[in-house]
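For the protein sequence lines, the chains are A and B, in the order given.
Numbering of the first sequence is given in my numbering, commencing with residue 274 and proceeding in unit increments.
Numbering of the second sequence is given in my numbering, commencing with residue -17 and proceeding in unit increments.
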Amino acid sequence: MTFVDTDKCDGCGTCVSVCPGNALLINNRLTVSPEKCVSCGVCAKVCPFGAIVLTENAGLTEANRLSGSGLQD
Amino acid sequence: MYSIDKNYDIIVAGSGPAGACAAMSAASGGRRVLLLERKPVPGVPVRCGEGIGHQGLALSFEPRPEWIKSTVTRARMLSPSGIGVEIGNVGKSYILDRERMDADLVKMAVEAGAEFRASSPAVWAGETSSGRYSVICSNNPNSPTEGQTEFEASCLILADGVESRLARYFGWDTALRLEDIETAAFARVEAAGIEGDCCTFYTGNSVAPGGYLWVFPRGAGAANVGLGVIGSRCRSGLPRKLLLDFIKRTYPGGRVTDLHCGGVPVAKWVRPLVRGAVMLVGDAARQVNAINGAGLAYSLYAGRLAGTVAAGAFRGDGNLCRKALLGYQREWAKVFGKQQERSFALKEFIMSADDAFLDRIADSLSKEPPGKLSYLRVFMRTFSSRPLLLLKAFKLFR
Ligand SMILES: Cc1cc2nc3c(=O)[nH]c(=O)nc-3n(C[C@H](O)[C@H](O)[C@H](O)COP(=O)(O)OP(=O)(O)OC[C@H]3O[C@@H](n4cnc5c(N)ncnc54)[C@H](O)[C@@H]3O)c2cc1C
Ligand code: SF4
Ligand code: SF4
Chain A
274 MTFVDTDKCD GCGTCVSVCP GNALLINNRL TVSPEKCVSC GVCAKVCPFG
324 AIVLTENAGL TEANRLSGSG LQD
Chain B
-17 MYSIDKNYDI IVAGSGPAGA CAAMSAASGG RRVLLLERKP VPGVPVRCGE
33 GIGHQGLALS FEPRPEWIKS TVTRARMLSP SGIGVEIGNV GKSYILDRER
83 MDADLVKMAV EAGAEFRASS PAVWAGETSS GRYSVICSNN PNSPTEGQTE
133 FEASCLILAD GVESRLARYF GWDTALRLED IETAAFARVE AAGIEGDCCT
183 FYTGNSVAPG GYLWVFPRGA GAANVGLGVI GSRCRSGLPR KLLLDFIKRT
233 YPGGRVTDLH CGGVPVAKWV RPLVRGAVML VGDAARQVNA INGAGLAYSL
283 YAGRLAGTVA AGAFRGDGNL CRKALLGYQR EWAKVFGKQQ ERSFALKEFI
333 MSADDAFLDR IADSLSKEPP GKLSYLRVFM RTFSSRPLLL LKAFKLFR
């Protein structure tokens, strides 16, 4: 499970480019589709600003509440 | 609220240099073009060192004075232990004002007849039952799913940059391996002592593991300072930390503004570049020089090429001939494809160089007169100290 610190995130898309599950999407800010996340952790590893944290239980953070389960795929 | 607009021939997603050029050329060719951009203002924030060679720019556009912040004629490379190599012959290069240039390119696309929509992130794309393509844009900055507009066209040009996310809806696996991405942090620095006509490069494990640090002057006393770290050796937040440490060390008392980050694909260009009537351009197609991360010249060229080919593929009756789109890949492969593949192959070698090796090369080069040194000579010297690699390199260049 992936948690995004939206204050630190610069919206650069580096994490999106390596995500194997296509779980990340930048709309206005970065959002995660939990059902697509395979918890591989590469997004956190490459984030130049350290804005992504992997957690067991990400809880109801701003970013996760926005996550796009309604996307058409 | 949901609305559909089917009135387009070509949709271009992403208005960076690749997308703006594609839209410009496609609209100039008489097609109805929609250019979608996620950001409210194209080109802001700038995620680029803004360096480009005269030739690379001139291939696509006559360089405009208002696009150029400074002209660079020499470079300096610093090895891990601080041995400096002066390169007096770098050819004419520019440090651009990309905010200005990106805005102008979009303006030129609009003047050519393209419709431009800012604040319009494409969140989904796919083929319709009638063989056209649909792109869904989110209108709500707080939710990708509430409030959407659907657009339809016969042809798509995907120019969504390093993310290359939209391509995945059409069967491309564009997710980058960690060995194929440079993860970067960069800032504008104002400090006394920054030379207006000289680019400086720093190498070494403690500076930028598997990458390099660049200082590109925007005139005397101000520069773009940034660094890239190879993804496989990165850890969360490392580029930012390395950059701020470097700036503190090198420019005590300097002023730091516009701290941002970004990713540079250093992969092989994506094959195929065209599927059905969907084309990839720019960073989205990994059209980047894998050795130094430069993608601007390729993006401008590929964007114009793709747009021109796409417009030309429409017949007199308005129907699209998909086969004609393949001309884009053929031309790209001919003009830049080989060159890009060579860079990719040589990247492997550059990545494997350790600090001691870089120091040794720098030491031998520093004894040569700077006027005689060109990038090519530095390159050859580097290789000649590893004969097997030289052999490999020659095979590649043949
Ligand atoms: C730190 C850094 C330094 C660099 N320095 C240099 C350099 O000095 N010289 C050089 O030649 N190259 C450099 N590059 C590379 C260069 O910036 C890129 O190759 C170039 O910008 C690629 O152009 P593009 O149009 O393909 O992508 P981009 O310029 O990234 O444009 C993509 C656009 O698409 C938009 N977008 C993304 N997703 C969507 C979506 N779903 N819907 C709508 N819009 C979307 C983005 O907002 C963006 O505006 C650097 C890159 C980085 C990250
Ligand atoms: S890599 Fe980091 S800063 Fe960039 S978009 Fe992802 S979380 Fe945000
Ligand atoms: S942990 Fe892996 S799958 Fe999940 S969002 Fe990050 S990169 Fe994607």
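Backbone N, C-alpha and C fix where the C-beta goes; we use that ideal spot for every residue, glycine too.
In this text, all values refer to a predicted model and were calculated from it rather than measured experimentally.
Residue i: CB within 7 Å of a non-hydrogen atom of ligand 2
i                : result
THR156 (chain B) : no
PRO254 (chain B) : no
LEU303 (chain A) : yes
PRO123 (chain B) : no
GLY73 (chain B)  : no
THR287 (chain A) : yes
Beta-carbon contacts of residue i that lie in its chain and below 6 Å, excluding the five residues immediately before and after
i                : result
ASN187 (chain B) : ASP337
GLU97 (chain B)  : LEU16
LEU138 (chain B) : ILE(-7), TYR115 and VAL260
VAL144 (chain B) : GLY245, PRO247 and ASP265
TRP106 (chain B) : ILE118
SER101 (chain B) : PRO22
LEU326 (chain B) : The amino acid occupying residue 326 (chain B) in the given sequence is Phe; Leu does not appear at that position. Taken in chain order, the residues that qualify are LYS250 and ALA272.
GLY298 (chain B) : none
GLY31 (chain B)  : TRP196, PHE198, ASN206 and GLY208
ALA2 (chain B)   : LEU87, VAL88 and ALA91
Distance cut-off 7 Å: residue i Cβ against heavy atoms of ligand 1
i                 : result
ASP283 (chain A)  : no
GLY33 (chain B)   : yes
LYS21 (chain B)   : yes
GLY309 (chain B)  : no
SER102 (chain B)  : yes
ALA279 (chain B)  : yes
ARG29 (chain B)   : yes
PHE168 (chain B)  : yes
ALA0 (chain B)    : yes
GLY(-4) (chain B) : yes
Residue i: contacting residues in chain A (beta-carbon distance under 8 Å)
i                : result
ILE163 (chain B) : THR287, SER290, VAL291 and VAL319
SER102 (chain B) : Result: empty, since nearest Cβ-Cβ is about 11 Å, beyond 8 Å.
Contact list for residue i against chain B, beta-carbon separation under 8 Å
i                : result
ASP280 (chain A) : Ordered by position in chain B, no residue passes the 8 Å Cβ test against ASP280 (chain A), which lies about 13 Å from the chain.
For residue i, the three-state DSSP class (helix, strand or coil)
i                : result
PHE322 (chain A) : coil
LEU333 (chain A) : Residue placement at LEU333 (chain A) is poorly supported in this model, since its pLDDT is 35, which falls under 50; the coordinates still yield a value, given next. If DSSP states are grouped into helix, strand and coil, LEU333 (chain A) belongs with coil.
ASP345 (chain B) : helix
PHE276 (chain A) : strand
ILE176 (chain B) : coil
ARG58 (chain B)  : strand
ILE65 (chain B)  : coil
ARG237 (chain B) : strand
TRP251 (chain B) : coil
SER342 (chain A) : Here the model assigns SER342 (chain A) a pLDDT of 33, short of 50, so the residue's position is not dependable, and the following value carries that caveat. Here SER342 (chain A) sits in coil by DSSP.
LYS51 (chain B)  : strand
PHE339 (chain B) : helix
CYS243 (chain B) : strand
ARG99 (chain B)  : strand
Cβ shell of residue i (< 7 Å), same chain only, five flanking positions each side left out
i                : result
ASN121 (chain B) : GLY129, GLN130 and THR131
ASP345 (chain B) : ILE65
LEU255 (chain B) : MET261, LEU262, ALA267, TYR310, GLN311 and TRP314
THR334 (chain A) : Low confidence applies here, because THR334 (chain A) scores a pLDDT of 40, under 50, leaving its location unreliable and the question unanswered by this model.
ARG150 (chain B) : THR156
SER348 (chain B) : ILE65, GLY66 and VAL67
Chain-ordered neighbours of residue i on chain A, where CB pairs are closer than 9 Å
i                : result
ASN124 (chain B) : ASN300, ASN301, ARG302 and LEU339
ALA0 (chain B)   : Simply none; closest approach about 14 Å.
GLY213 (chain B) : THR287, VAL291, VAL315, LYS318 and VAL319
GLY429 (chain B) : This structure leaves residue 429 (chain B) out entirely; chain B is present only between -17 and 380.
CYS216 (chain B) : LYS318, VAL319, CYS320 and PRO321
Own chain, CB closer than 8 Å to residue i, minus 5 neighbours either side, in chain order
i                : result
LEU327 (chain A) : MET274, THR275, PHE276, SER312, GLY314 and ALA317
Listed by chain order, chain B residues near residue i by CB distance under 7 Å
i                : result
VAL311 (chain A) : By Cβ distance, chain B contributes nothing, its closest Cβ being about 11 Å from VAL311 (chain A), past 7 Å.
VAL305 (chain A) : Correct list: empty, because the minimum Cβ distance to chain B is about 11 Å.
VAL315 (chain A) : LEU160
VAL276 (chain A) : The question names Val, but residue 276 (chain A) in the sequence shown is Phe. Simply none; closest approach about 12 Å.
Residue i CB to nearest heavy atom of ligand 3 below 7 Å
i                : result
GLY213 (chain B) : no
CYS320 (chain A) : no
ALA324 (chain A) : no
Proximity test, residue i beta-carbon vs ligand 4 heavy atom, cut-off 7 Å
i               : result
ALA57 (chain B) : Among the ligands in the structure shown, ligand 4 does not appear; only ligand 1, ligand 2 and ligand 3 can be found there.
Chain A contact residues for residue i, given Cβ-Cβ distances below 7 Å
i                : result
GLU145 (chain B) : GLY286, VAL289 and SER290
SER120 (chain B) : ASN300
- Residue ranges of each beta strand (DSSP E) within the region 112 to 174 of chain B, 3 or longer: 115 to 120, 130 to 135, 137 to 140 and 163 to 172
- Task: Go through the region 190 to 236 of chain B residue by residue and report every complete run of the beta strand (DSSP E) that reaches 3 residues or more, in order.
- Result: 195 to 199 and 204 to 212
- Residue ranges of each beta strand (DSSP E) run of no fewer than 3 residues wholly in the region 252 to 325 of chain B, ordered along the chain? 260 to 262
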